[in-house]
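Visitor:
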Amino acid sequence: MSITTKDLAKVCGVSRTTVTRALSGTGRISEETKNRILNMAKELDYQPDLLARSLVKGRSMTIGVVLCDLKNMFFPSVIDAMERVARDNGYLLNITLHDNSKILEENIITQLAGHKIDGLLLDPASREKAHYDYLKKLPFPVVIIGGDRLEDLSFVGNNEFEAADSAARFIAAKGYHSLHFVFPGFEGKEADFYGGHRERLNGAQAAAAGCNMSFSVLGDHDYMEQAARITAAAKNAGEKPAFLCSGDIYAGYIILNLQKKGFTAGVDYGIMGFDRLDLMQMLPISLASVENNVEQIGNEAIGLLLDMIENDRKKQTIYVPYQIIDGTSL
Numbered sequence: 001m002s003i004t005t006k007d008l009a010k011v012c013g014v015s016r017t018t019v020t021r022a023l024s025g026t027g028r029i030s031e032e033t034k035n036r037i038l039n040m041a042k043e044l045d046y047q048p049d050l051l052a053r054s055l056v057k058g059r060s061m062t063i064g065v066v067l068c069d070l071k072n073m074f075f076p077s078v079i080d081a082m083e084r085v086a087r088d089n090g091y092l093l094n095i096t097l098h099d100n101s102k103i104l105e106e107n108i109i110t111q112l113a114g115h116k117i118d119g120l121l122l123d124p125a126s127r128e129k130a131h132y133d134y135l136k137k138l139p140f141p142v143v144i145i146g147g148d149r150l151e152d153l154s155f156v157g158n159n160e161f162e163a164a165d166s167a168a169r170f171i172a173a174k175g176y177h178s179l180h181f182v183f184p185g186f187e188g189k190e191a192d193f194y195g196g197h198r199e200r201l202n203g204a205q206a207a208a209a210g211c212n213m214s215f216s217v218l219g220d221h222d223y224m225e226q227a228a229r230i231t232a233a234a235k236n237a238g239e240k241p242a243f244l245c246s247g248d249i250y251a252g253y254i255i256l257n258l259q260k261k262g263f264t265a266g267v268d269y270g271i272m273g274f275d276r277l278d279l280m281q282m283l284p285i286s287l288a289s290v291e292n293n294v295e296q297i298g299n300e301a302i303g304l305l306l307d308m309i310e311n312d313r314k315k316q317t318i319y320v321p322y323q324i325i326d327g328t329s330l
């Protein structure tokens, strides 16, 4: 027979209210009493009745997470941070992927709504006004993660324009006169260009203009060979180009490809990434990058959503700070 809060209260000589406060970590209760109750709960193998709790609260204790994919290393890191906070607060994450399809995203959200989720953390597949209007009408709180800040919807992420502007100016201060922004997949898809990367492009371009740097975009999947041709031509002219990659992974591929061709980062060209992935520590040089504090983005996003669910907190935009990290690649 399972142990109930009533049983715990009787064994500990306290009220059920006090037991509830100790188990949930809320309300006024002495540390000594709280620890005594928690130790007894562990000793008696107390397991909370989650179904009863959800019925009392009128919630499913489930949060939907809908993302494009998990190929972008940003999202696994964000999920890791969010899951810990959700778990600590008694919630489960239901994680699904829309593969950049607006139709699939809306179908997934409809299914999640059928499961009575309490809130939604979303990386939107579309920036069309009709899609935003659809999101605003959902019957539960929504927080947008990264990418675009949407009017009338809560948002947590970096100010991507400002971060890229700062990165480009940092590169200019190193003495570079030509800047090439790298994001494969951009060519021919400007209307559907992912919001966060588009803002990075705009920020880099604005800074390049302000610093009198020539500017171009390497936006197709031949970007590694494009970078090689640019570097070779610049070296022949006695110049040194700089590449600002909208993702560390692209910078890593360029560095390894150019190394095979006899070019060295920081010597024949400069290169900087975004996101500061741990994986980049395997490169032969230290990669300059924009640290976007992914774990903090995850913590802020889930914290905001929980506050909206439990305390009716109003919609809010939270910009998580970024840092410019220097490296020998520049």
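Once you know that position 65 of the sequence shown is 65 in the UniProt record's numbering, the rest is easy, because the numbers rise by one and skip nothing.
Glycine included, every Cβ here is placed at the ideal spot set by N, Cα and C.
Please read these numbers as outputs of a predicted model, since none were measured by experiment.
#1: Based on the DSSP output, what are the partners of H180 in its beta bridges?
#2: Return the CA-CA distance between D222 and G327, expressed in angstroms with no decimal places.
#3: Leaving out five residues on either side along the sequence, give the residues of the same chain with a beta carbon under 8 Å from the beta carbon of Y134.
#4: Going by DSSP, name the residue or residues bridged to Y250.
#5: Going by C-alpha to C-alpha distance, which of R84, D99 and N100 sits closest to L93?
#6: So what's L121 in DSSP terms, helix, strand or just coil?
#7: Roughly how far, in whole angstroms, is the beta-carbon of V290 from the beta-carbon of I324, given that I think they are within contact range, below 8 Å?
#8: So what does DSSP say about T5, is it helix, strand or coil?
#9: Could you check the C-alpha separation between D307 and A204 for me, to the nearest Å?
#10: Using a Cβ distance threshold of 8 Å, determine whether the region 296-315 contacts the region 142-162, with at least three qualifying pairs required.
#11: State the start and end residues of the unbroken beta strand (DSSP E) segment that holds M272.
#12: Does A265 come out as helix, strand or coil in the three-state DSSP assignment?
#13: Have a look at the DSSP bridge pairing and note the partners of N293.
#14: Less than 8 Å between the beta carbons of A242 and S178, yes or no?
#15: Taking buried to mean at least 16 other C-beta atoms within 10 Å of its own C-beta, is V267 buried or exposed?
#16: Quick check on this structure: which residue in A125, I117 and T110 has the alpha carbon closest to the alpha carbon of N100?
#17: Taking all protein chains shown into account, do 16 or more other C-beta atoms lie within 10 angstroms of the C-beta of D278, making it buried, or fewer, making it exposed?
#18: Taking only three categories from DSSP, how would you classify Q259?
#19: Give a yes or no on contact between the region 281-289 and the region 36-45, applying the rule of three or more CB pairs nearer than 8 Å.
#20: How far does the alpha helix (DSSP H) with Y223 in it extend, from its first residue to its last?
#21: How far does the beta strand (DSSP E) with I318 in it reach, from first residue to last?
#22: Thinking C-alpha only, which one of G119, T231, N158 and V294 is nearest E310?
#23: Could you check what DSSP says for I29 in three-state terms: helix, strand or coil?
#24: Go through its chain and collect everything with a Cβ distance to R16's Cβ below 7 Å, but skip five positions before and after it.
#25: Find the nearest neighbour of L23 within the set S2, D88 and E160, judged by alpha-carbon distance.
#26: Looking only at its chain, what residues have a beta carbon closer than 6 Å to the beta carbon of L207, apart from the 5 residues adjacent to it on each side?
#27: To the nearest angstrom, how far is it from the Cα of K174 to the Cα of E225?
#28: Which of helix, strand or coil does DSSP assign to I309?
#29: Considering F161, what are the terminal residues of the alpha helix (DSSP H) in which it resides?
#30: When the Cα atoms are used, what is the spatial distance from M61 to D248?
#31: Since residue 343 and I117 are thought to touch, with beta carbons under 8 Å apart, how far apart are those beta carbons, to the nearest angstrom?
#32: Over the uninterrupted beta strand (DSSP E) stretch that includes I108, give me the two end residues.
Guide: In brief:
#1: In the sequence shown, the residue the question calls residue 180 occupies position 180. Looking at the DSSP assignment, H180 forms a beta bridge with S216 and F243.
#2: Position 222 of the sequence shown, counted from the first residue, corresponds to residue 222. Position 327 of the sequence shown, counted from the first residue, corresponds to residue 327. For D222 and G327, the distance between alpha carbons rounds to 25 Å.
#3: Reading the sequence shown from its first residue, position 134 is the one you call residue 134. Taken in chain order, the residues that qualify are E106.
#4: Here residue 250 corresponds to residue number 250 of the sequence shown, with the count starting at 1. Beta-bridge pairing links Y250 to no other residue.
#5: In the sequence shown, the residue the question calls residue 93 occupies position 93. Of R84, D99 and N100, the residue nearest in Cα terms is R84.
#6: Within the sequence shown, numbered from 1, the residue matching residue 121 stands at position 121. Residue state, collapsed to three classes: strand.
#7: Translated into positions along the sequence shown, residue 290 becomes position 290. Translated into positions along the sequence shown, residue 324 becomes position 324. Correct: roughly 6 Å between the Cβ atoms.
#8: For the purposes of this step, residue 5 is identified with residue 5 of the sequence shown, where counting begins at 1. Reduced to three states, the DSSP call for T5 is helix.
#9: Taking the sequence shown and counting its residues from 1, one reaches residue 307 at position 307. Taking the sequence shown and counting its residues from 1, one reaches residue 204 at position 204. Cα-Cα distance, rounded: 35 Å.
#10: yes
#11: Within the sequence shown, residue 272 is the residue found at index 272, counting from 1. Unbroken beta strand (DSSP E) run through M272: G270 to F274.
#12: Position 265 of the sequence shown, counted from the first residue, corresponds to residue 265. A265 falls in the strand class under three-state DSSP.
#13: Start at 1 with the first residue of the sequence shown, and residue 293 comes out as number 293. Paired residues: none, contrary to the question.
#14: In the sequence shown, counting from the first residue as 1, residue 242 sits at position 242. In the sequence shown, counting from the first residue as 1, residue 178 sits at position 178. In this structure, S178 lies closer than 8 Å to A242 by Cβ.
#15: For this step, residue 267 is matched to residue 267 along the sequence shown. Exposed, because fewer than 16 other Cβ atoms sit within 10 Å of the Cβ of V267.
#16: Here residue 100 corresponds to residue number 100 of the sequence shown, with the count starting at 1. N100 has its Cα closest to that of A125, out of A125, I117 and T110.
#17: If you number the sequence shown from 1, residue 278 lands on position 278. When all chains shown are included, D278 counts as exposed.
#18: Position 259 of the sequence shown, counted from the first residue, corresponds to residue 259. Here Q259 sits in helix by DSSP.
#19: no
#20: Locating residue 223 in the sequence shown gives position 223, where the first residue counts as 1. It spans Y223 to N236 - the alpha helix (DSSP H) in which Y223 sits, taken as one unbroken run.
#21: Position 318 of the sequence shown, counted from the first residue, corresponds to residue 318. Note, I318: beta strand (DSSP E), T317 to Y319.
#22: Indexing the sequence shown from 1 puts residue 310 at position 310. The shortest C-alpha separation from E310 is found at G119.
#23: As a position in the sequence shown, residue 29 is number 29, starting the count at 1. Note: I29 maps to coil in three-state DSSP.
#24: Residue mapping note: residue 16 aligns to position 16 of the sequence shown, counting from 1. Closer than 7 Å at the Cβ level, and outside the excluded window around R16, lie T5, K6 and A9.
#25: Working through the sequence shown from its first residue, we reach residue 23 at position 23. It is D88.
#26: Position 207 of the sequence shown, counted from the first residue, corresponds to residue 207. In the sequence as presented, Leu is not what sits at residue 207; that position holds Ala. Here the set comprises D165, A168 and R169.
#27: As a first step, residue 174 is located in the sequence shown; it is residue number 174 there, counting from the start. As a first step, residue 225 is located in the sequence shown; it is residue number 225 there, counting from the start. Roughly 25 Å between the two C-alpha positions.
#28: Walking along the sequence shown from the start, residue 309 turns up at place 309. DSSP places I309 in helix when its eight states are reduced to three.
#29: Here residue 161 is taken as the residue at index 161 of the sequence shown, counted from 1. Where F161 is concerned, the enclosing alpha helix (DSSP H) stretches over E160 to A173.
#30: Residue numbering aside, residue 61 sits at position 61 when the sequence shown is read from its first letter. Residue numbering aside, residue 248 sits at position 248 when the sequence shown is read from its first letter. Their Cα atoms are separated by approximately 36 Å.
#31: Here the chain comprises residues numbered 1 to 330, so residue 343 is not present and cannot be evaluated.
#32: Here the question's residue 108 lines up with position 108 in the sequence shown. From DSSP, I108 is part of no beta strand (DSSP E) but of the alpha helix (DSSP H) over K102 to G114.
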